[in-house]
Amino acid sequence: MTNGMDKGGKGRILLSVTDWDPEVWRGEFAKVAPDRPVVLAPDHPGDETIRYALVWKQKPGSLANLPNLKAIFSLGAGVDHIFHDPHIPDVPIVRIVSDDLSMRMSEYVVWQVLDHHRLGPRYRRQQQARVWHEDRRQPAANEVTVGILGLGVLGRDAATKLLALGFRVTGWSRRPHEMEGVETFHGKDGLGDFLAGADIIVCLLPLTPETKGILSMSMFARMKQEGPLGAPVLINAGRGGLQNEADILAALDRGLLSAVTLDVFEKEPLPADSPLWTHPKVTVTPHAAASSAPGALVPLIVRQIEAHERGEPLANLVDRSAQY
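Taking the working numbering, the leading residue of the sequence shown gets -11, the next gets one more, and so forth.
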């Protein structure tokens, strides 16, 4: 094999993942693109046959010394896991943008927003205690403001679904964004006004050096403190590194937050001794908000690779300086 090609004339694809079954992904590639070999490791350092890499929490250094590598594809919604590797090659990094992934995340966001809005945690506690009591202070959706931290593809799709249900929706992002029906804020100057107006805050931010630990006491203290649901509700379906879990527990105990839903955590799996498991105002889900489905994502990746080989530009490129 020479010039980065396999015997059939096409470069090989390196699949480097942890915590996932790689054979599921290889099986999907075998169905969609049987002429493109997918391998789990290079044959040797300096393997010239590897042209593309598909990664999820790849082992540091696993992408080094691949002279013909053309691009790296993240198999999850985020890309922060890629930058944990100090030996990342200087090639384009591609984010996954998929209708399937967006819908899964929006389903999760809508589910949790509605659950808190319709007092689901309270009624489950009443069920366990065999208490029959209807809370007649149930606000209408148009009385409740859902604020979305992060107005990327996932945030905008979730906002559309929430608007259709009648909620007031606001959004905050690092850079200016406009969206019909959504009041938007941006940058450090806009964060305070955003926080002061939201009853339920949904975090879908990417994890970057700027956003690490942003869900902390300094943010919670700036949130709206009296609304139709009482103190604000926090839902984090972004990244575990965005949150300070000790601060979340303290904010719940001080009444700065009325409830939280967490799908991601500082350490995963969530340790068995974490107080988040048993706190009465915390809902825990096991990083299940928007799972990557090989059947939905592999055809998109293959189309991107084929387009790139025809000389077309790659879509959904990551800004390496911003790390998203």
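Just so you know, even glycine gets a beta-carbon here, dropped at the ideal spot from N, CA and C.
Since the model is a prediction, treat every value here as computed from it, not as a measurement.
Start and end of the alpha helix (DSSP H) containing Phe182?
Numbered from 1 along the sequence shown, position 194 holds the residue referred to as residue 182. Gly175 to Gly185 is the extent of the alpha helix (DSSP H) around Phe182.
If you check the beta carbons only, do His104 and Leu217 fall under 8 Å apart?
As a working mapping, residue 104 is identified with position 116 in the sequence shown. As a working mapping, residue 217 is identified with position 229 in the sequence shown. Yes, they are a contact pair.
So, with DSSP's three-state summary, where would you put Ile293?
In the sequence shown, the residue the question calls residue 293 occupies position 305. It is helical.
For my contact list, Thr249 and Ile223 are in at a C-beta cut-off of 8 Å; report their separation, rounded to the angstrom.
Taking the sequence shown and counting its residues from 1, one reaches residue 249 at position 261. Taking the sequence shown and counting its residues from 1, one reaches residue 223 at position 235. About 4 Å; that satisfies the 8 Å criterion.
Pull up the distance between the alpha-carbon of Asn56 and that of Gly49, whole angstroms please.
Numbered from 1 along the sequence shown, position 68 holds the residue referred to as residue 56. Numbered from 1 along the sequence shown, position 61 holds the residue referred to as residue 49. Approximately 16 Å, taken between the alpha carbons.
Grab me the residues of Gly(-8)'s own chain with a C-beta within less than 8 Å of its C-beta, minus the 5 sequence neighbours each way, in chain order.
Translated into the one-based positions of the sequence shown, residue -8 becomes position 4. Only weak support exists for where Gly(-8) lies, its pLDDT of 45 falling under 50; the value from the coordinates is given anyway. Gly(-1), Glu36, Thr37, Ile38, Arg39, Pro55 and Asn56.
Are there three or more Cβ pairs, one per stretch, closer than 8 Å when the region 116 to 135 is compared with the region 286 to 298?
no
Residue burial classification, Arg92 (beta-carbon count within 10 angstroms, cutoff 16)
Translated into the one-based positions of the sequence shown, residue 92 becomes position 104. Buried: at least 16 other Cβ atoms inside 10 Å.
Buried or exposed, going by whether 16 or more other CB atoms sit within 10 Å of the CB of Glu256?
Locating residue 256 in the sequence shown gives position 268, counting from the first residue. The residue is exposed, with fewer than 16 neighbouring Cβ atoms inside 10 Å.
Within 8 Å, strictly: CB atoms of Val286 and Phe17
Translated into positions along the sequence shown, residue 286 becomes position 298. Translated into positions along the sequence shown, residue 17 becomes position 29. Yes, the pair counts as a contact, with Cβ atoms nearer than the cut-off.
Distance check for Asn232 and Thr6, CA to CA, integer angstroms please.
Walking along the sequence shown from the start, residue 6 turns up at place 18. Walking along the sequence shown from the start, residue 232 turns up at place 244. Approximately 25 Å, taken between the alpha carbons.
By a C-beta neighbour count over all protein chains shown, 10 Å radius and 16 as the cutoff for buried, is Trp13 buried or exposed?
As a working note, residue 13 is residue 25 in the sequence shown. Answer is buried; the Cβ neighbour count reaches 16.
Taking one C-beta from the region 238 to 247 and one from the region 202 to 213 each time, how about it: are there three or more such pairs within less than 8 Å?
yes
Phe208 beta carbon near the ligand ADP (any heavy atom closer than 7 Å):
The ligand ADP is absent from the structure shown, which contains no ligands of any kind.
Can you tell which of Thr148, Val26 and Asn53 has its C-alpha closest to the C-alpha of His32?
For the purposes of this step, residue 32 is taken as residue 44 along the sequence shown, with counting starting at 1. The candidate whose alpha carbon is nearest that of His32 is Asn53.
Continuous alpha helix (DSSP H) stretch holding Ala234: start and end
In the sequence shown, residue 234 corresponds to position 246, counting from 1. Glu233 to Arg242 is the extent of the alpha helix (DSSP H) around Ala234.
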